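For the sequence shown, the residue numbers in the working numbering are 29 to 204. Each residue gets a CB set at the ideal place from its N, CA and C atoms; glycine is no exception. Since the model is a prediction, treat every value here as computed from it, not as a measurement. One structure is given here, and the rest of the page talks about it.
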Amino acid sequence: MMKLTIKEVAQCLNLPLDTVQRWIRQGRIPLNSAGSICTFKRSALEKWAAEHNLCFTLNTKDRGDLQTRTFMPESLVTVMQRSGIFYDIHGFNPESVLQDAVNRISGLTPDLKTTIYSRLLEREALASTGIGQGIAIPHPRSPLSGHLTQSRIVTCFLENPVDYAAIDGRPVFMLF
């Protein structure tokens with residue numbers, strides 16, 4: 029077990045102190061707190077941070093014998109370039125468009141494509157990811173931890189605009 033102050037945990041996660049304090053009260057962070065001191069398993073906190081797309085960095089200068097482990101965030105452009113741009117995505121509704129888009133992503137096993145497609149449909153069932161101006165940002169409700177080694181943001185241009193129940197009522201022609 030490691031001991032850090034709540035302020036140090038916030039610094040390690042690069043988050044505002046208020047956010048970390050709120051998440052601790054809500055039980056969202058895997059640690060125990062007593063006053064301003066937090067105890068946690070490093071591996072559990074690192075795993076939690078990775079699952080929530082957060083960077084977890086321990087600074088050895090301030091913590092003496094602790095090893096530094098840094099998860100470097102990537103730029104949006106880097107992730108988008110790696111992920112690909114697809115044109116003429118076929119479909120007549122969100123489900124068929126998502127199916128064609130997922131099928132075009134390279135480097136995924138058929139099982140993983142099925143998982144991603146299912147998770148996207150689950151999220152769409154909660155509320156449309158159509159944000160307006162002809163754009164939708166379909167995404168799973170939670171990260172696919174353990175399945176992908178790198179983040180992906182695939183850009184898709186639809187063959188024909190699709191009614192996506194977007195907030196502004198306009199049909200969607202582009203997905204991210």
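Separation of residue j from residue i, as counted between CA atoms
i: residue 144; j: residue 130; result: 7 Å
i: residue 51; j: residue 70; result: 17 Å
i: residue 85; j: residue 41; result: 7 Å
i: residue 68; j: residue 170; result: 23 Å
i: residue 111; j: residue 182; result: 5 Å
i: residue 204; j: residue 184; result: 6 Å
i: residue 146; j: residue 166; result: 12 Å
i: residue 136; j: residue 195; result: 31 Å
i: residue 118; j: residue 124; result: 7 Å
i: residue 55; j: residue 120; result: 42 Å
i: residue 79; j: residue 37; result: 17 Å
i: residue 205; j: residue 103; result: This structure cannot speak to residue 205, because the chain is shown only from 29 to 204.
i: residue 109; j: residue 35; result: 36 Å
i: residue 154; j: residue 60; result: 32 Å
i: residue 168; j: residue 138; result: 17 Å
i: residue 46; j: residue 105; result: 30 Å
i: residue 27; j: residue 53; result: The structure shown does not extend to residue 27, since the chain is modelled only from 29 through 204, so no value can be given for it.
i: residue 39; j: residue 81; result: 16 Å
i: residue 178; j: residue 126; result: 20 Å
Per DSSP, cross-strand counterpart(s) of residue i
i: residue 67; result: 31, 60
i: residue 158; result: 164
i: residue 117; result: 186
i: residue 203; result: 164, 184
The beta strand (DSSP E) enclosing residue i, as first and last residue numbers
i: residue 188; result: 183–190
Same chain, Cβ closer than 8 Å to residue i, neighbours up to 5 away in sequence not counted
i: residue 199; result: 162, 189, 190, 191, 192
i: residue 30; result: 67, 68, 69, 70, 94
i: residue 180; result: 107, 110, 111, 133
Close Cβ partners of residue i (< 6 Å) along its chain, the five nearest in sequence each way excluded
i: residue 72; result: 58
i: residue 116; result: 187
i: residue 74; result: 84
i: residue 128; result: 117, 118, 119
Terminal residues of the alpha helix (DSSP H) in which residue i lies
i: residue 53; result: 45–54
i: residue 122; result: 122–132
i: residue 111; result: 104–111
Beta-carbon contacts of residue i that lie in its chain and below 7 Å, excluding the five residues immediately before and after
i: residue 164; result: 157, 158, 192, 194, 200, 203
i: residue 49; result: 34
i: residue 122; result: 152, 190, 192
i: residue 113; result: 183
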